[in-house]
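So the number in the numbering used here is just where the residue sits in the sequence shown, counting from 1, plus 1018. From the three backbone atoms N, C-alpha and C, an ideal C-beta is built for every residue, glycine too. These numbers were taken from a predicted model, which means no experiment stands behind them. The structure under discussion appears below in the form of structure tokens.
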Amino acid sequence: MIDYHVHTSLCNHATGTMEQYVRAAVAKGIATLCFLDHLTFQEGGRTNAMFPREVPMYVNAARRLERQYRDQISVRVGLEIDFSPRHVDRCIEIVNTFDLDVVGSSVHFLDGEDVVTRRSAWGRGEISADEVYPKYLGILESMLDYDYFDVICHLDLPKKYNQRPSPSAAQGFLDVLEKIRERDLAVELNTSGFHYPVKEAFPSPELLDRCAQLQIPVVVGSDAHTPETVGRDFDRAQDLLTVAGYRHLTGFSHRQREIVPLQ
Ligand SMILES: [Zn+2]
Ligand SMILES: [Zn+2]
């Protein structure tokens, strides 16, 4: 199995050294572990992500671990970059400067308001789903006008606190998948959702089914913020993928996709 989404203490809200994540993955028999730590240019997210100046050190540390552990596991490195329409140029510059294996793109902020943390108005249940989902979908749509990333992380993230999309927003996600297919991008099956109030992976089984119909490549990630949660619930991920009709997964090496067995 592969885990393409783990964080490190560099983002200030995860614990554990990079080496501890690698060792945890080796202990769990994971074949490939990819660091995908946060990078954001959003004002509200600065304290929850590495600084851009830390990227070289992060990439070098991952590459050192890649060499050190190469007999036991494949270590890869990428970034989970917050989509920020005003900072696309800086994102592209970073992506082009470093030798990354994969670039993930996610939407954590809607006009500065975050939809990912419990302490946000959305997390506290103070904004309606009818307000948040259309905004979120609009930002996803505009994100798909760019091509500096390879994979969409936790596609239906706003459901995290169990505020579900309306039927029209649910249709909006299906429409977004068409655009993802056209752009030839991959989607992440992120198992962290099982541990939030929504209690299901991102994206939902319905969306995963549609991904399979559209033959959108899928990569799996735990979104671990502690070494202990590397590879968490991958048995459930495997079941979901098999039911959806997937026969293999997708990995990335130096921004090139590779086929990975689903096991
Ligand atoms: Zn995080
Ligand atoms: Zn994220």
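Taking the alpha carbon of residue i as the point to measure from, which residue in the options has its own alpha carbon closest?
| i | options | result |
| --- | --- | --- |
| P1215 | C1171, G1122 and R1142 | R1142 |
| E1218 | D1193, D1174 and A1230 | D1174 |
| G1034 | L1162, R1085, V1125 and A1242 | A1242 |
| A1139 | L1258, Y1179 and L1158 | Y1179 |
| R1265 | H1272, D1253, F1252 and Q1281 | Q1281 |
| R1273 | V1194, E1200 and V1121 | V1121 |
| H1283 | S1123, D1253 and T1135 | In this structure the chain extends from 1019 to 1281, so residue 1283 is not present and cannot be described. |
| V1133 | S1160, G1062, R1108 and M1075 | G1062 |
What are the start and end residues of the alpha helix (DSSP H) that includes residue i?
| i | result |
| --- | --- |
| E1200 | P1185 to E1200 |
| L1226 | P1223 to Q1231 |
| Q1086 | V1073 to Q1086 |
| L1158 | A1147 to M1161 |
| C1109 | V1106 to T1115 |
| E1037 | M1036 to A1045 |
If you check the beta carbons only, do residue i and residue j fall under 7 Å apart?
| i | j | result |
| --- | --- | --- |
| L1128 | K1153 | yes |
| V1106 | V1077 | no |
| C1052 | Y1087 | no |
| A1067 | M1036 | no |
| L1162 | G1190 | no |
| T1209 | A1262 | no |
| I1020 | G1211 | no |
| L1083 | V1093 | yes |
In terms of DSSP beta bridges, what is residue i paired with?
| i | result |
| --- | --- |
| S1124 | D1100 |
| I1277 | T1268 |
| G1063 | In DSSP, G1063 forms no bridge with anything. |
| C1131 | The question names Cys, yet the displayed sequence has Glu at residue 1131. In the DSSP output, where bridge partners are listed per residue, E1131 has L1128. |
| S1092 | T1050 |
| I1170 | S1123 and V1205 |
| A1242 | V1024 |
Identify the continuous beta strand (DSSP E) that holds residue i and give its terminal residues.
| i | result |
| --- | --- |
| I1020 | I1020 to V1024 |
| H1053 | For the sequence presented, residue 1053 should be read as Phe rather than His. F1053 -> beta strand (DSSP E) spans T1050 to L1057. |
| A1139 | A1139 -> no beta strand (DSSP E), and no H or E assigned at all. |
| E1206 | A1204 to N1208 |
| V1299 | Residue 1299 cannot be examined here, being either before or after the span of the chain that is shown, 1019 to 1281. |
Is there at least one non-hydrogen atom of ligand 3 closer than 6 Å to the beta-carbon of residue i?
| i | result |
| --- | --- |
| C1171 | For ligand 3, the structure offers nothing, since it holds only ligand 1 and ligand 2. |
Touch check for the stretch 1135-1150 and the stretch 1101-1108: three-plus C-beta pairs under 8 Å? Look at the beta carbons and you see the stretch 1135-1150 not touching the stretch 1101-1108: under three pairs across the two are nearer than 8 Å.
Using 8 Å as the cut-off, can you tell me whether the stretch 1236-1254 makes contact with the stretch 1037-1045, which would need three or more C-beta pairs spanning the two stretches below that distance? Touching, per the Cβ criterion.
Report yes or no: do the stretch 1081-1099 and the stretch 1107-1122 share at least 3 C-beta pairs separated by less than 8 Å? The count of Cβ pairs closer than 8 Å, one atom from the stretch 1081-1099 and one from the stretch 1107-1122, reaches three, so the stretches are in contact.
Three Cβ pairs or more, each shorter than 8 Å: is that satisfied between the stretch 1164-1173 and the stretch 1201-1212? The count of Cβ pairs closer than 8 Å, one atom from the stretch 1164-1173 and one from the stretch 1201-1212, reaches three, so the stretches are in contact.
At least 3 beta-carbon pairs within less than 8 Å: the stretch 1233-1242 vs the stretch 1268-1280: As far as the Cβ criterion goes, the stretch 1233-1242 touches the stretch 1268-1280, which means the pair count is three or higher.
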